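Novice: Heads up, the sequence shown is in the working numbering, so the first residue is 10 and it goes up one at a time. Below are the structure tokens for one structure; questions will follow.
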Amino acid sequence: MEKSYVSLDTKICIFCGKQFEIGIILDKRLKNTLEKNTITGIDLCPECTKEDYILLIEIDEDKSSIESDESVKPENAYKTGRAIYVKMKHFQKIFGTTSKNKFSFINERGYNKFQNNL
Ligand SMILES: [Zn+2]
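Following this line, the structure appears as structure tokens:
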């Protein structure tokens, strides 16, 4: 495919794996260097996003790379295949904080805790 100076800013859905476009990217020199799509990261796609909910995705802590601040980068998360939608207000109540993200990672213990509380 021919390259262009404009490309679709594309992310990959952490949950379903689908690619989705969120905007455009321009080559600032207006040179034809870009593919039709440019993958810029991982997020939750519109179809997997639920208003007022956060998706908690279970990960295997032993197989994931945990950062020093205990966060996990999406590309380093080893997902188990289980996930659970939780109302943001429940998430807030349990963790005492809100999240600007549409998803978060959770370990098995946390997952079971949420599952038993719903
Ligand atoms: Zn999705």
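Beta carbons are placed, not taken as given, at the ideal position from N, Cα and C, and that holds for glycine. This one's a predicted model, so the numbers in the text were calculated from it and none came from an experiment.
Starting from F104, trace the beta strand (DSSP E) both ways and give me its first and last residue.
Specialist: For the purposes of this step, residue 104 is taken as the residue at position 95 of the sequence shown. Per DSSP, F104 lies in no beta strand (DSSP E); the unbroken alpha helix (DSSP H) holding it starts and ends at M97 to F104.
Novice: Are the beta-carbon atoms belonging to K20 and I51 less than 8 Å from one another?
Specialist: On the sequence shown, position 11 is the one that residue 20 refers to. On the sequence shown, position 42 is the one that residue 51 refers to. Cβ distance < 8 Å, so K20 and I51 count as in contact.
Novice: Is the closest heavy atom of ligand 1 to the C-beta of F104 under 7 Å?
Specialist: Sequence index remark: in the sequence shown, residue 104 carries index 95 (1-based). The closest heavy atom of ligand 1 lies 7 Å or more from the beta carbon of F104.
Novice: I want to know whether the region 73-81 touches the region 39-57 - three or more CB-CB distances under 8 Å.
Specialist: They do not touch, by the three-pair rule.
Novice: Between F114 and I93, how many whole angstroms is the CB-CB distance? I'm expecting something under 8 Å.
Specialist: Here residue 114 refers to the residue found at position 105 when the sequence shown is read from its first residue. Here residue 93 refers to the residue found at position 84 when the sequence shown is read from its first residue. About 12 Å separates the two Cβ atoms, so there is no contact after all.
Novice: Using the rule of at least 16 other Cβ atoms within 10 Å of the residue's Cβ for burial, across every protein chain shown, is S74 buried or exposed?
Specialist: In the sequence shown, counting from the first residue as 1, residue 74 sits at position 65. Per the 10 Å Cβ criterion, exposed.
Novice: Would you mind sorting I68 into buried or exposed? The rule is 16 or more other CB atoms within 10 Å of its CB.
Specialist: The residue given as residue 68 occupies position 59 in the sequence shown. The residue is buried, with at least 16 neighbouring Cβ atoms inside 10 Å.
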